[in-house]
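There are 4 protein chains.
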Amino acid sequence: MLLDANDCQLVLVDYQARLMPAIAHGEQVLERARRLVALARLFEVPVWGTEQVPDKLGPMPPELRQACRQVLPKAAFDASDTPLLRLLQPAAAPAGNARSLPKHLRKPPEPTRATVLLAGCEAHVCVLQTAMTLLEHDELEVVVVSDACGSRRDRDRDAAFDRLAAEGVVLVTVEMVGFEWLRSARDPRLAQVLAELK
Amino acid sequence: MLLDANDCQLVLVDYQARLMPAIAHGEQVLERARRLVALARLFEVPVWGTEQVPDKLGPMPPELRQACRQVLPKAAFDASDTPLLRLLQPAAAPAGNARSLPKHLRKPPEPTRATVLLAGCEAHVCVLQTAMTLLEHDELEVVVVSDACGSRRDRDRDAAFDRLAAEGVVLVTVEMVGFEWLRSARDPRLAQVLAELK
Amino acid sequence: MLLDANDCQLVLVDYQARLMPAIAHGEQVLERARRLVALARLFEVPVWGTEQVPDKLGPMPPELRQACRQVLPKAAFDASDTPLLRLLQPAAAPAGNARSLPKHLRKPPEPTRATVLLAGCEAHVCVLQTAMTLLEHDELEVVVVSDACGSRRDRDRDAAFDRLAAEGVVLVTVEMVGFEWLRSARDPRLAQVLAELK
Amino acid sequence: MLLDANDCQLVLVDYQARLMPAIAHGEQVLERARRLVALARLFEVPVWGTEQVPDKLGPMPPELRQACRQVLPKAAFDASDTPLLRLLQPAAAPAGNARSLPKHLRKPPEPTRATVLLAGCEAHVCVLQTAMTLLEHDELEVVVVSDACGSRRDRDRDAAFDRLAAEGVVLVTVEMVGFEWLRSARDPRLAQVLAELK
Numbered sequence: 003m004l005l006d007a008n009d010c011q012l013v014l015v016d017y018q019a020r021l022m023p024a025i026a027h028g029e030q031v032l033e034r035a036r037r038l039v040a041l042a043r044l045f046e047v048p049v050w051g052t053e054q055v056p057d058k059l060g061p062m063p064p065e066l067r068q069a070c071r072q073v074l075p076k077a078a079f080d081a082s083d084t085p086l087l088r089l090l091q092p093a094a095a096p097a098g099n100a101r102s103l104p105k106h107l108r109k110p111p112e113p114t115r116a117t118v119l120l121a122g123c124e125a126h127v128c129v130l131q132t133a134m135t136l137l138e139h140d141e142l143e144v145v146v147v148s149d150a151c152g153s154r155r156d157r158d159r160d161a162a163f164d165r166l167a168a169e170g171v172v173l174v175t176v177e178m179v180g181f182e183w184l185r186s187a188r189d190p191r192l193a194q195v196l197a198e199l200k
Numbered sequence: 003m004l005l006d007a008n009d010c011q012l013v014l015v016d017y018q019a020r021l022m023p024a025i026a027h028g029e030q031v032l033e034r035a036r037r038l039v040a041l042a043r044l045f046e047v048p049v050w051g052t053e054q055v056p057d058k059l060g061p062m063p064p065e066l067r068q069a070c071r072q073v074l075p076k077a078a079f080d081a082s083d084t085p086l087l088r089l090l091q092p093a094a095a096p097a098g099n100a101r102s103l104p105k106h107l108r109k110p111p112e113p114t115r116a117t118v119l120l121a122g123c124e125a126h127v128c129v130l131q132t133a134m135t136l137l138e139h140d141e142l143e144v145v146v147v148s149d150a151c152g153s154r155r156d157r158d159r160d161a162a163f164d165r166l167a168a169e170g171v172v173l174v175t176v177e178m179v180g181f182e183w184l185r186s187a188r189d190p191r192l193a194q195v196l197a198e199l200k
Numbered sequence: 003m004l005l006d007a008n009d010c011q012l013v014l015v016d017y018q019a020r021l022m023p024a025i026a027h028g029e030q031v032l033e034r035a036r037r038l039v040a041l042a043r044l045f046e047v048p049v050w051g052t053e054q055v056p057d058k059l060g061p062m063p064p065e066l067r068q069a070c071r072q073v074l075p076k077a078a079f080d081a082s083d084t085p086l087l088r089l090l091q092p093a094a095a096p097a098g099n100a101r102s103l104p105k106h107l108r109k110p111p112e113p114t115r116a117t118v119l120l121a122g123c124e125a126h127v128c129v130l131q132t133a134m135t136l137l138e139h140d141e142l143e144v145v146v147v148s149d150a151c152g153s154r155r156d157r158d159r160d161a162a163f164d165r166l167a168a169e170g171v172v173l174v175t176v177e178m179v180g181f182e183w184l185r186s187a188r189d190p191r192l193a194q195v196l197a198e199l200k
Numbered sequence: 003m004l005l006d007a008n009d010c011q012l013v014l015v016d017y018q019a020r021l022m023p024a025i026a027h028g029e030q031v032l033e034r035a036r037r038l039v040a041l042a043r044l045f046e047v048p049v050w051g052t053e054q055v056p057d058k059l060g061p062m063p064p065e066l067r068q069a070c071r072q073v074l075p076k077a078a079f080d081a082s083d084t085p086l087l088r089l090l091q092p093a094a095a096p097a098g099n100a101r102s103l104p105k106h107l108r109k110p111p112e113p114t115r116a117t118v119l120l121a122g123c124e125a126h127v128c129v130l131q132t133a134m135t136l137l138e139h140d141e142l143e144v145v146v147v148s149d150a151c152g153s154r155r156d157r158d159r160d161a162a163f164d165r166l167a168a169e170g171v172v173l174v175t176v177e178m179v180g181f182e183w184l185r186s187a188r189d190p191r192l193a194q195v196l197a198e199l200k
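Residue numbers (the working numbering), protein chains in the order written: chain A, 3 to 200; chain B, 3 to 200; chain C, 3 to 200; chain D, 3 to 200.
Structure, rendered in structure tokens:
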């Protein structure tokens, strides 16, 4: 299955100021995340963010933070104690009151974008635990953008990718995302995509 | 499943003059492509080619281009907006008029060669997107010749191979192709195969 | 499936005094084992140990040995000729007499902790053979903690991991274990987990 | 599934005098093959051999050759044009005349050893093609002893292992074989196995 920009959402996991310096190849990971966010803006893909105990680990970098529709603080490593799932699946969780409105006044639920891209740190902790939770929702396709993920130790990161792949998560790179969202060199956004990816 | 020369077709993807210098180990990739094409000629395996926006990226090298029955220009990264699928599956897409001919005048449809080998650049963009599209056609077996594929970054290439394998694509090398098409050292083409592969 | 501390048991396989000096990166493997044991203590995860022909290969290091509820000497490379399975599955193997007691006096069987984590040496001999035996018990989830396992040759170790993964064993690292047992930064054991893993 | 010496047969593929010098790490591959053969002798595992166009590539080394019940010359890369399958499956292919004998005179067919271990060169040609052919026989378990296999280029060898694993072949190392055939340190053959593997 190729990625379709109109069916995708992106979750940026814990790219935080006091965590990133400890991540192996942290600068490179952040740079890939910036490109991913630029692509998401270009293709109008919704971006959500999470921050792990932000009072301790600090905020995400401003350029990533500003791209997020909402940034969810969290304490659990996976995102199950935040409203993330409700944000990802608005149609599946309609507001209770909506049903009492006359039909012509009800806003049709936004169709769920069923492909959820995850990127962030640490690959083997918060990214992995969030991916595993999302996998239990059969209606979602869980994709991890591997080169925009990092761990303090490469061995943990690589073991995370192997475990995720074995569980059925699709592993992609930022470049795959860009060229699958674009699909054609005739798309007017080609020049911008190439500028982001070179 | 071993490769059977009589059931194979080969698609050369975007080995173009202004793309190849940017590919990691580009010279080596081209050299593998040349051997693959020599093998295809020897075993009378049909070869098709694609060129991505050829006005910008230039043509394939002449020795690859001349081996192709047809070279399809394209703008989409995957081959779905070219006639490629119709070329690969002549039996599945008979000309509409054929049915009105008297039976004895109808040319029997050429049986489809159901194994489609892909090789080219970039592994994680055009090769991957084309392979994913072909995979949706259950009657085709999709094979990627890994050592004749390249990307600008090795990491993207390797991630492409992992993703393709996870989706069910068979990954082979040029040498595997040569010796599976040959099958036996008694085949009179042995000397030529060995000359191509040494 | 994420690891749940309340459903886990840990088996330490043959970390023995006269075996470990022959293991590639043996000191590092032992250090990972020590962390794993500290995590097990913190989360009250039962720990069992095995010692291969201890009269010849010596005992486990005291700090690992003391963490074990029981240490089983063995001669077979897999654990099938020890009482290990009965220890892992107390509910599945109730004492014969229990049924003759009046119902209100019977102790309810301890529910089985169905996730069995294995760590030890050699990865491709005793760990692999024990994992393969446990895999035949469908009610158990078999997990191998890869960075706490070693072999004399890395190639044998890596081949063991590939074979185990192909058979359906889940491969994790010590850090994954710690953060999955913890689940949340709000857990009061956070500081201790971080101290063990840094 | 662990290997059981009583259910195994070993096929040595094309370890020939004029091929081995071209194999990457050829000496090491041969040394692993010698150990494998010593283990087979110790556990009375039948050994068969194949030689690819022996008039051109020469014979196997004598110490391997002498271990074989039969050495089959061949021209095809896979073993399908030799009597190999009939040798591997005597019960499945009883001599036609046997049925006409009175029952008490008929020799009961030797039960098939259903696990076929393959080792040899080149990994991506003759070993791979033979393994793929054997895989079509559902009653056989196909195992490749990876560290006793070689190719001229490591990349072809590694691609062969990946493809074989994807097809369902079990990949093991010589050490795994030794310790699975042995199973227990109480087996009187322990000292000999350790001598072969150290």
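No residue lacks a Cβ here, since even glycine has one placed at the ideal position from N, Cα and C.
With respect to chain A, the C-beta atom of C/Leu-173 has a partner C-beta closer than 8 Å.
Boundaries around B/Leu-86 are those of the alpha helix (DSSP H), 86-90, since no beta strand (DSSP E) includes it. Assignment of C/Thr-117 by DSSP, reduced to helix, strand and coil, places it in the strand class. Interface annotation, D/Asp-149: in contact with chain C, CB-CB separation under 8 Å.
Sorting B/Glu-198, B/Leu-196, B/Val-171 by C-alpha distance to the C-alpha of B/Thr-135 places B/Val-171 at the top. Chain D has no Cβ within less than 8 Å of the Cβ of B/Ser-153. Using a CB distance cut-off of 8 Å, C/Glu-182 counts as an interface residue toward chain A. Per the DSSP secondary-structure output, A/Pro-75 pairs in a beta bridge with A/Glu-53. Per DSSP, B/Leu-21 lies in no beta strand (DSSP E) and is assigned neither H nor E. Ranked by Cα distance from B/Thr-84, the first of B/Gln-11, B/Val-195, B/Val-15 is B/Val-15. Annotation: Cβ neighbours of A/Leu-130 in chain C (cutoff 9 Å, chain order): Leu-4, Met-178, Phe-181, Glu-182. Look at the stretch 36-68 of chain D: it has no residue with a C-beta under 9 Å from a C-beta of chain C. The DSSP-derived three-state label of D/Gly-180 is helix. Annotation: B/Arg-159 has no Cβ neighbours in chain D at a cutoff of 7 Å; minimum Cβ distance is about 13 Å. Shown here for A/Ala-116: same chain residues with a beta carbon closer than 8 Å to its own, the five before and five after excluded, namely Asp-9, Glu-141, Leu-142, Glu-143 in chain order. Judged by DSSP in its simplified three-state form, D/Gly-28 adopts helix.
Burial check for B/Gln-30: the Cβ neighbour count within 10 Å stays below 16, so the residue is exposed.
In this structure the stretch 69-81 of chain B touches the stretch 52-61 of chain B; the number of beta carbon pairs closer than 8 Å is three or more. Close partners of C/Arg-188 in chain A (Cβ separation under 8 Å): Ala-77, Ala-78. Taking 8 Å as the CB threshold, C/Ala-167 lines the interface with chain A.
C/His-126 belongs to the set of residues whose beta carbon lies under 8 Å from a beta carbon in chain D.
Residue-level contact check: C/Asp-156 does not touch chain D, since none of the beta carbons of chain D fall below 8 Å from its beta carbon. By the Cβ neighbour-count rule, B/Met-62 is buried, with 16 or more other Cβ atoms within 10 Å of its own.
In the three-state DSSP reduction, B/Glu-46 falls in the coil class, being neither helix nor strand.
One alpha carbon belongs to A/Pro-48, the other to D/Val-146, and they sit about 48 Å apart. In terms of Cβ geometry, C/Phe-79 and C/Gln-131 form a close pair [threshold 8 Å]. Under the three-state reduction of DSSP, B/Ser-148 is assigned to helix. For D/Arg-185, the nearest beta carbon of chain C is closer than 8 Å to its own beta carbon. Residue pairing from DSSP places B/Gln-11 in a beta bridge opposite B/Val-118. Close to B/Asp-164, with beta-carbon spacing below 8 Å, are these residues of chain A in chain order: Ala-167, Leu-173. Under the DSSP definition of a beta bridge, A/Glu-141 lacks any partner.
By the beta-carbon neighbour count (other beta carbons within 10 angstroms, threshold 16), D/His-126 is buried.
Measuring C-alpha to C-alpha distances from C/Gly-152 to each of C/Leu-32, C/Pro-92, C/Leu-12, C/Leu-184 identifies C/Leu-32 as the nearest.
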